[in-house]
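Going down the list, the protein sequences come from chains B and R. Counted from 1, the first sequence has number 106 at position 106 by UniProt numbering; the numbering is strictly sequential. Counted from 1, the second sequence has number 22 at position 22 by UniProt numbering; the numbering is strictly sequential. Cβ coordinates follow ideal geometry from the N, Cα and C atoms, glycine included. As the structure is a computational prediction, the values presented were derived from the model and not from experiment. Single-structure report; data block below.
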Amino acid sequence: MALQSLDITRRSATTTPSPGQRRTMEVAKLIDVTKCIGCKACQVACMEWNDLRDDVGINHGVLDNPTDLTENSWTVMRYAEVELEPGKLEWLIRKDGCMHCANPGCLKACPAPGAVVQYSNGIVDFHEENCIGCGYCITGCPFNIPRLSQKDSKVYKCTLCSDRVAAGLEPACVKTCPTGAIVFGSKEAMLHHAEERIADLKSRGFAKAGIYDPKGVDGTHVIYVLHHADKPEIYSGLPKDPSIGAMVELWKGATKPLASLALGAVAAGAFIHYVTKGPNEVSEEIEKEFEE
Amino acid sequence: MKRDPDKLDRYTAPERVNHWLVAFAFILLALSGLALFHPAFYPLSQLFGGGVWTRILHPFIGVALIFSFGSMFFRFRKLCVLTPSDWEWLRHAREMMGGDDRNMPEAGKLNGGQKLLFWLLAACMTLLVLSGIVMWRAYFSFLFPPAAIRLAAVVHAATGAGMISLIMGHIYLAIWTKESIGAMLYGKVRRAWAKQHHPAWFREMTGGRK
Numbered sequence: 001m002a003l004q005s006l007d008i009t010r011r012s013a014t015t016t017p018s019p020g021q022r023r024t025m026e027v028a029k030l031i032d033v034t035k036c037i038g039c040k041a042c043q044v045a046c047m048e049w050n051d052l053r054d055d056v057g058i059n060h061g062v063l064d065n066p067t068d069l070t071e072n073s074w075t076v077m078r079y080a081e082v083e084l085e086p087g088k089l090e091w092l093i094r095k096d097g098c099m100h101c102a103n104p105g106c107l108k109a110c111p112a113p114g115a116v117v118q119y120s121n122g123i124v125d126f127h128e129e130n131c132i133g134c135g136y137c138i139t140g141c142p143f144n145i146p147r148l149s150q151k152d153s154k155v156y157k158c159t160l161c162s163d164r165v166a167a168g169l170e171p172a173c174v175k176t177c178p179t180g181a182i183v184f185g186s187k188e189a190m191l192h193h194a195e196e197r198i199a200d201l202k203s204r205g206f207a208k209a210g211i212y213d214p215k216g217v218d219g220t221h222v223i224y225v226l227h228h229a230d231k232p233e234i235y236s237g238l239p240k241d242p243s244i245g246a247m248v249e250l251w252k253g254a255t256k257p258l259a260s261l262a263l264g265a266v267a268a269g270a271f272i273h274y275v276t277k278g279p280n281e282v283s284e285e286i287e288k289e290f291e292e
Numbered sequence: 001m002k003r004d005p006d007k008l009d010r011y012t013a014p015e016r017v018n019h020w021l022v023a024f025a026f027i028l029l030a031l032s033g034l035a036l037f038h039p040a041f042y043p044l045s046q047l048f049g050g051g052v053w054t055r056i057l058h059p060f061i062g063v064a065l066i067f068s069f070g071s072m073f074f075r076f077r078k079l080c081v082l083t084p085s086d087w088e089w090l091r092h093a094r095e096m097m098g099g100d101d102r103n104m105p106e107a108g109k110l111n112g113g114q115k116l117l118f119w120l121l122a123a124c125m126t127l128l129v130l131s132g133i134v135m136w137r138a139y140f141s142f143l144f145p146p147a148a149i150r151l152a153a154v155v156h157a158a159t160g161a162g163m164i165s166l167i168m169g170h171i172y173l174a175i176w177t178k179e180s181i182g183a184m185l186y187g188k189v190r191r192a193w194a195k196q197h198h199p200a201w202f203r204e205m206t207g208g209r210k
């Protein structure tokens, strides 16, 4: 939900420029998975700030609670027990939520003008007043993030606290994180901070430590530091090489102009045919035959 | 329509009503589908009460089309079986469009083009229904994996555009061939019209008499 409208770089289903007079600094949220203790304070802060309460669910026997993102839970901790080397158990905890892609599949797929917007700071936001509830954004998202509400048939997801960021504050999850696993700042500063963290991790024996800022979606504005950056999928299914994908590109790319052109061509062809060839009528010869 | 007892019965009242129900549902589907397909057509959503109503109504109108076209399918499927003569007719269709019908094999009640359109529409409709179910987020999408929904989106958009093109062609040919819209509205055609456009059917109906 946007509070400001002067720094929009892209709006869904819009072919003209968006109000973008104001330029803002490109931001990023860095989630250092190696520092996360899985306390879920970020989940609580997210609910508090956005004033949303999920239904009280049931205990599934694991720490994941709720077990998936919902229209009320825009971020969830995902816990994975992984044994990369026999006898060496690793507990990998990842805070899941919207990645705020530089090339967002949700925005590309959305048919409702201005229901998905991207600010010049990189945040991808849903404008629920414009949402028509078709769920195309869910189809377009490479990370399976948006959730359709049963209550109002609108989609919801992490806003990266666009309202707080617009007022110069950090996102609520960042504010509350007790270990400093979540930090927020300019994308440049976050990448620099990540480099330092990776150097530290490498010196501690995590040779494959690295940053997750996937190029397939032109980078993201939520980035991870992973101890095993070569195997992102072990972090509860973080996609290894996410992209919008050929089907969505085809659907929202080539099909649109080609189909529009085809329909125009049929209409123009019909008109030209009628004007040049004239109507198909009963011939004089047959008409005479039937005149008494 | 001019009253004339000599006119030939071409379509029964139930056939005509069925055709126009299909036509009405299809036009609503095409307009709402285009609104959801391309921003250039989004203003069409206003015809349905806005974007949200367009999203709600489109699939239900689709259900109406399944039933109305389904009924039409069973009415016309036998009539639409393509014979060797129909294929021959189709091979000469280009000359026909150019205004020269000397080499056209004699068409029956329906010509090869009309029959081919029937089967193409049935094929499009099947693809649209199957992909449409997968895309129907409110009731069905949760049953399918994302890859299936993405494929369905492409199939639905491409087939929809194909079908709109076919129907635009169908409408044009009805305008081009004078008196054929009247045949579908009132059910009757003049004998001269029948002999001109559907000679084999004309003979069958009249034994060749005027």
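Amino acids of chain R, ordered along the chain, whose beta-carbon sits closer than 7 Å to that of Leu63 (chain B): The contacting residues do not exist; Leu63 (chain B) stays about 25 Å from chain R at best.
Phe290 (chain B): contacting residues in chain R (beta-carbon distance under 9 Å): Asp6, Arg190, Arg191, Ala192, Lys195 and Lys210
Cutoff 8 Å: Arg10 (chain R) Cβ touching any chain B Cβ: no
Within chain B, partners of Met205 (chain R) - CB distance below 9 Å: Within 9 Å Cβ-Cβ: nothing; Met205 (chain R) doesn't reach chain B, min ~14 Å.
Continuous beta strand (DSSP E) assignments of at least 3 residues falling wholly in the segment 26–53 of chain B: 27–32
Within chain R, partners of Cys134 (chain B) - CB distance below 8 Å: Leu36, Arg55 and Arg137
Whole runs of the alpha helix (DSSP H) within the segment 144–188 of chain B, excluding any shorter than 4 residues: 162–166 and 172–176
DSSP state of Met1 (chain B) mapped onto helix, strand, coil: Reliability fails at Met1 (chain B), whose pLDDT of 47 lies under 50, so the model's placement of it is uncertain and the value that follows must be treated cautiously. In this structure, Met1 (chain B) counts as coil in the three-state DSSP scheme.
Cβ-Cβ separation, Cys124 (chain R) to Met96 (chain R) (assumed contact under 8 Å), whole Å: Rounded, the Cβ-Cβ distance is 24 Å, inconsistent with contact.
Sub-8 Å separation of His38 (chain R) and Lys256 (chain B) beta-carbons: yes
Chain-order list of residues whose beta-carbon lies under 8 Å from that of Leu169 (chain B) (same chain, five-residue window excluded): Cys161 and Lys175
Cross-strand partners of Asn280 (chain B) (DSSP beta bridge): R:Thr177
Ala23 (chain R): contacting residues in chain B (beta-carbon distance under 9 Å): Here the premise fails: no neighbours, minimum Cβ distance about 17 Å.
Top-ranked residue by Cα proximity to Gly62 (chain R), from R:Trp201, R:Gly112 and R:Val129: R:Val129
Where Leu116 (chain R) falls, given that 16 or more other Cβ within 10 Å makes a residue buried: buried
8 Å Cβ cutoff met for Trp136 (chain R) and Pro14 (chain R): no
8 Å Cβ cutoff met for Pro113 (chain B) and Arg11 (chain B): yes
CB of Arg150 (chain R) within 8 Å of CB of Gly133 (chain B), strictly: no
C-beta atoms of Tyr235 (chain B) and Ala80 (chain B) nearer than 8 Å: yes
Contact set for Asp96 (chain B): own chain, Cβ-Cβ below 6 Å, skip 5 residues either direction: Val76 and Arg78
Under 9 Å by beta carbon: chain B residues contacting Ala161 (chain R): Thr255, Leu258, Ala259, Ser260, Ala262 and Leu263
Inter-residue spacing [alpha-carbon to alpha-carbon] between Glu88 (chain R) and Gly160 (chain R): 29 Å
Span of the beta strand (DSSP E), counted from its first residue to its last, around Arg16 (chain R): That residue, Arg16 (chain R), is in no beta strand (DSSP E); its alpha helix (DSSP H) goes Ala13 to Phe37.
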